[in-house]
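These notes are about the structure you will find just below.
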Amino acid sequence: MSVAGGVAATKGLLLRFREQLQFVEKGVGILKMKRERLAMEVNLLLDKVKARDQLEKEVMTAYGSLKEAYCALGYQGLRTIALGVEQAQVGGLSYSVVGVTVPTLQIEKTTSTAGIPSTWGYEVSQRFASLLPKIIQLSQSEAAIEKLVEELKSTNRKVSALEQIVIPSTVGIIQYIENRLYEETLEEFIRTKHVRETIRKRA
Amino acid sequence: MSSLRRVSPRTIYLVARVHGLSTHLFRPEDIGSLTRVPDLSSFVQALLDSDYAPALSKIPSEEVNAVRLTEVFYETLADRFFFITSTTSGSVRRFFEDYARRLEVENVKRILRAKSGGEPIDERALVPIPREYATVNFPAMVSSRGFEDCVGLLEATIYSPLVDRLGAYKQLGAAVVFEGMLDSIYYGQLWEEAEGLHDGDIRKRIGYEMDLQNLLLILNLKSRDLPQDVIEKSLIRTYFRLSESAVGDLVGAKTGSIFEVLLRTYYAKYFSELRNEIQNGLLTKVEHSVLASLYHLNIKTMGAKPLGLVYTLAYLSLCEFEERNVTAIATGKQLGLTDDKLYSLLYI
């Protein structure tokens with residue numbers, strides 16, 4: 002048995018490294034599949050995030066109406082109208098995409114705007130109430146993208162590390178052990194041959 | 324001179340005072356100039372030559388903002404209202420006391436809104452009303468525990484019918500309906516006092532306002548798809564130039580045909596230019612246009628009836644419009660609204 006590069010060149014170790022290589026290659030395959038799935042999910046969500054520009058415009062319009070309502074009713078006038086509006090309730094849940102926990106939001110209780118006094122108050126509340134589901138949808142998609150992209154980056158790093166470092170080094174070690182074992186077998190063969198010749202000469 | 328002989332000396336004195344007071348109001352061109360000031364501090368500077376100066380001078384410069392200014396505007400409005408009340412007597416005083424009660428109604432609405440949402444409210448959110456003119460115990464309402472307790476405090480006031488309608492409010496849960504009931508009580512009382520004055524011009528001015536309020540409320544509630552009976556319960560019960568059948572037609576009209584029904588009423592001229600706004604549900608524009616017409620009606624009335632009691636009524640209404648205008652300018656300047664946008668929100 003010889004020890005080189007911190008690795009003992011034994012048949013047992015060779016078998017173990019070969020098994021490890023097989024396992025790592027299978028792992029790389031699975032990680033690549035995960036990467037594809039994550040990329041697919043992100044692509045699907047990206048389509049939803051494209052609505053952001055439009056939503057931002059709608060939000061700006063709604064804030065424009067809010068400013069106008071402030072002007073028309075004054076701060077206390079509008080504030081007291083807002084005080085009477087029952088607040089919407091949003092609950093948080095989560096679901097899993099290839100092992101990644103993605104947050105999701107759900108409107109549990111919508112705001113009832115029909116009873117709001119004042120035309121201005123009603124118009125503003127209508128605008129914001131109609132924006133709420135869109136804002137929730139967008140923030141949910143953005144949060145999911147953030148989580149999935151983080152996982153995608155981590156998976157990419159793992160795949161690269163396995164492909165660029167772990168597999169080549171394992172292959173190197175296996176080759177090294179194989180070479181060492183071959184050399185040892187050859188040495189053993191020559192030694193045996195030499196011993197046989199010596200015995201034969203004595204005889 | 325003949326018209327002067329028919330007017331009582333007290334009324335002549337009052338109208339003479341109001342002629343003087345009306346010169347303190349901002350004219351449309353003044354409001355236009357105020358809209359063009361670059362910022363809030365320039366606006367405050369411009370107001371220092373007006374009736375608002377005494378109250379404004381009490382605010383430390385670092386505390387000047389649209390919210391504080393709005394409080395000053397309300398304070399000045401209340402002073403203007405109650406000054407008129409204090410210079411009158413008898414049935415005229417009762418009428419102007421009832422007219423000024425709209426400030427009290429606004430306060431009751433504000434408190435009830437907060438209470439219905441379960442939110443706290445403080446007296447700074449209210450229009451300051453001198454104790455001697457308030458029929459409602461505002462501090463008690465503000466500190467009441469909940470909506471029902473708060474409404475219960477109105478039992479011994481002229482707003483007591485609200486207590487009976489609490490059940491209806493709970494069933495509908497719509498503040499707009501409750502506020503409609505409050506307006507109905509207010510205008511009912513005011514109408515009675517106006518009738519007692521035997522002054523056709525006063526009746527006409529109050530009647531127009533009531534009818535237009537009703538028409539705006541119908542348009543507003545129709546756009547929310549509220550049931551017909553709910554809309555009917557929310558209306559001011561007294562009609563002037565509107566007939567029961569016209570109101571019934573409007574309440575029952577489909578959204579698409581409501582404009583045509585409006586054109587068949589006495590007030591067609593107020594809505595005739597607003598077809599697109601009504602059909603597209605742009606009700607803030609409709610409301611603004613109708614209120615702007617009332618503003619111009621006040622100016623016209625002051626020109627046409629300089630010696631009548633209605634001159635004082637038009638003056639008080641213009642005080643309200645001025646309060647709205649200066650509030651809009653102060654808020655608009657603080658929020659950075661463009662001059663054009665701000666101008667479109669004013670009543671001039």
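Residue numbers (this note's numbering), protein chains in the order written: chain H, 2 to 204; chain A, 324 to 671.
Ideal placement from N, C-alpha and C gives every residue a C-beta, glycine not left out.
The structure displayed is predicted, hence computed values, not measured ones.
In the DSSP assignment, find the alpha helix (DSSP H) that holds H:K110 and state where it starts and stops.
On the first sequence, position 109 is the one that residue 110 of chain H refers to. That residue, H:K110, is in no alpha helix (DSSP H); its beta strand (DSSP E) goes 101 to 110.
Should H:Q90 be flagged as near chain A, meaning a C-beta pair shorter than 8 Å?
For the purposes of this step, residue 90 of chain H is identified with residue 89 of the first sequence, where counting begins at 1. It does not; no Cβ of chain A falls within 8 Å.
Taking 8 Å as the CB-CB limit, is H:Y96 close to chain A?
Within the first sequence, the letter at position 95 stands for residue 96 of chain H. Cβ-Cβ to chain A under 8 Å: no for H:Y96.
List the endpoints of the continuous alpha helix (DSSP H) containing A:Y509.
Locating residue 509 of chain A in the second sequence gives position 186, where the first residue counts as 1. It spans 498 to 520 - the alpha helix (DSSP H) in which A:Y509 sits, taken as one unbroken run.
Name, please, each residue of chain A whose Cβ falls closer than 8 Å to the Cβ of H:L84.
The residue given as residue 84 of chain H occupies position 83 in the first sequence. Under the 8 Å cutoff, chain A gives R436, A437, G440, E442, I444.
Using the three-state DSSP reduction, which class does H:V98 fall into: helix, strand or coil?
By 1-based counting over the first sequence, the position of residue 98 of chain H is 97. In this structure, H:V98 counts as strand in the three-state DSSP scheme.
What residues from the segment 607 to 639 of chain A come within 9 Å of chain H, judged by C-beta to C-beta, listed N to C?
T607, V609, E610, H611
Look up A:V459 in the DSSP assignment and say whether it is helix, strand or coil.
Reading the second sequence from its first residue, position 136 is the one you call residue 459 of chain A. Residue state, collapsed to three classes: coil.
Along the segment 496 to 513 of chain A, where does the CB come closer than 9 Å to a CB of chain H? Name the residues.
Interface annotation for the segment 496 to 513 of chain A against chain H: G496, A497, A498, V499, V500, F501, E502, G503, criterion Cβ-Cβ distance under 9 Å.
Under 7 Å between beta-carbons, which chain A residues line up against H:E87? List them in chain order, please.
Here residue 87 of chain H corresponds to residue number 86 of the first sequence, with the count starting at 1. Ordered by position in chain A, the residues that pass the 7 Å Cβ test against H:E87 are G440.
Write down the C-beta distance between H:T120 and H:Q88 rounded to the nearest angstrom, noting that I regard them as a contact closer than 8 Å.
To locate residue 120 of chain H, count along the first sequence from 1; it is residue 119. To locate residue 88 of chain H, count along the first sequence from 1; it is residue 87. Not confirmed; about 22 Å, so no contact.
Assuming contact is defined by CB atoms lying nearer than 8 Å, are H:K68 and A:L658 in contact in what I supplied?
The residue given as residue 68 of chain H occupies position 67 in the first sequence. The residue given as residue 658 of chain A occupies position 335 in the second sequence. Yes. Within cutoff.
Beta strand (DSSP E) containing H:A10: first to last residue?
Walking along the first sequence from the start, residue 10 of chain H turns up at place 9. Its beta strand (DSSP E) spans residues 8 to 10.
In whole angstroms, give me the CA-to-CA distance for A:S466 and A:F419.
Along the second sequence, one-based indexing puts residue 466 of chain A at 143. Along the second sequence, one-based indexing puts residue 419 of chain A at 96. One Cα belongs to A:S466, the other to A:F419, and the distance between them is close to 29 Å.
For H:E147, go through chain A and note every residue whose CB falls closer than 9 Å to its CB, in chain order.
Reading the first sequence from its first residue, position 146 is the one you call residue 147 of chain H. For H:E147, none of the residues of chain A pass the 9 Å Cβ criterion, the least Cβ distance being about 33 Å.
Applying a beta-carbon distance threshold of less than 7 Å, which residues of chain A neighbour H:Q165?
By one-based count along the first sequence, residue 165 of chain H stands at place 164. At a C-beta separation below 7 Å, H:Q165 has no neighbours in chain A, since its nearest C-beta there lies roughly 55 Å away.
Looking at A:L337: is its Cβ nearer than 8 Å to the Cβ of A:T399?
In the second sequence, residue 337 of chain A corresponds to position 14, counting from 1. In the second sequence, residue 399 of chain A corresponds to position 76, counting from 1. Their beta carbons are not under 8 Å apart, which means A:L337 does not touch A:T399 by this criterion.
Taking only runs that begin and end inside the segment 6 to 65 of chain H, name each unbroken beta strand (DSSP E) of 3 or more residues, in chain order.
8 to 10
When the Cα of H:T62 is compared with those of H:S131, H:L139, H:Q90, which residue comes out closest?
Numbered from its first residue, the first sequence carries residue 62 of chain H at position 61. Just measuring C-alpha positions, the residue of H:S131, H:L139, H:Q90 sitting nearest H:T62 is H:S131.
For the segment 554 to 569 of chain A, enumerate the residues whose C-beta is nearer than 7 Å to any C-beta of chain H, in chain order.
Correct list: empty, as no residue qualifies.
Quick one: Cα of A:R468 to Cα of A:S439, how far?
The count along the second sequence starts at 1 and reaches residue 468 of chain A at position 145. The count along the second sequence starts at 1 and reaches residue 439 of chain A at position 116. If you take the alpha carbons of A:R468 and A:S439, they lie about 11 Å apart.
Using 8 Å for Cβ pairs, my map puts A:D534 next to A:F563. What's the rounded Cβ distance?
Residue 534 of chain A sits at position 211 when you count from the first residue of the second sequence. Residue 563 of chain A sits at position 240 when you count from the first residue of the second sequence. So it is a contact: roughly 5 Å between Cβ atoms.
Closer than 8 Å, CB to CB, is A:N537 near chain H or not?
For the purposes of this step, residue 537 of chain A is identified with residue 214 of the second sequence, where counting begins at 1. It does not; no Cβ of chain H falls within 8 Å.
Closer than 8 Å is the cut-off here; do at least three beta carbon pairs connect the segment 442 to 462 of chain A with the segment 488 to 497 of chain A?
no
In the DSSP assignment, find the alpha helix (DSSP H) that holds H:P134 and state where it starts and stops.
As a working mapping, residue 134 of chain H is identified with position 133 in the first sequence. From DSSP, the alpha helix (DSSP H) with H:P134 extends over 120 to 161.
Short of 8 Å in beta carbon distance, which residues of its chain neighbour A:Q512, apart from the five on each side in sequence? Order them along the chain.
As a position in the second sequence, residue 512 of chain A is number 189, starting the count at 1. The answer, listed in chain order, is D421, R424, I481.
Please go through the same chain and pick out, in chain order, the residues whose beta-carbon is closer than 6 Å to the beta-carbon of H:Q141, but skip the five residues on each side of it.
Start at 1 with the first residue of the first sequence, and residue 141 of chain H comes out as number 140. Taking C-beta separations shorter than 6 Å and ignoring five residues to either side along the sequence, the partners of H:Q141 in its chain run T105, L106, following chain order.
Do A:R528 and A:A389 have their C-beta atoms within less than 8 Å of each other?
Counted from its first residue, the second sequence places residue 528 of chain A at position 205. Counted from its first residue, the second sequence places residue 389 of chain A at position 66. Contact flag unset, no.
Assign H:V91 to one of three DSSP states: helix, strand, or coil.
Position 90 of the first sequence, counted from the start, is the residue given in the question as residue 91 of chain H. Three-state result, H:V91: strand.
Rounding to the nearest angstrom, what Cα-Cα distance links A:G281 and A:V584 in this structure?
The structure shown has nothing for residue 281 of chain A, since chain A only spans 324 to 671.
Using the Cα positions of A:A401 and A:E596, report the straight-line distance between them to the nearest angstrom.
Within the second sequence, the letter at position 78 stands for residue 401 of chain A. Within the second sequence, the letter at position 273 stands for residue 596 of chain A. About 34 Å.
Just the chain A side, please: which residues come within less than 8 Å of H:E124 by C-beta, in chain order?
Mapped onto the first sequence, residue 124 of chain H falls at position 123. Neighbours of H:E124 on chain A, chain order: L606, T607.
Taking only beta-carbon atoms, is A:G655 less than 8 Å away from chain H?
The sequence position of residue 655 of chain A within the second sequence is 332, counting from 1. Output row for A:G655: interface = yes.
So, does the CB of A:L549 fall closer than 8 Å to a CB anywhere in chain H?
For the purposes of this step, residue 549 of chain A is identified with residue 226 of the second sequence, where counting begins at 1. True, the Cβ-Cβ gap to chain H drops below 8 Å.
Given a limit of 7 Å on CB to CB distance, which residues of the segment 127 to 142 of chain H reach chain A?
none
Could you give the uninterrupted runs of the alpha helix (DSSP H) lying entirely in the segment 404 to 472 of chain A, keeping only those of 4 residues or more?
Those alpha helix (DSSP H) runs which fall completely within the segment 404 to 472 of chain A and span 4+ residues are 413 to 439, 461 to 466.
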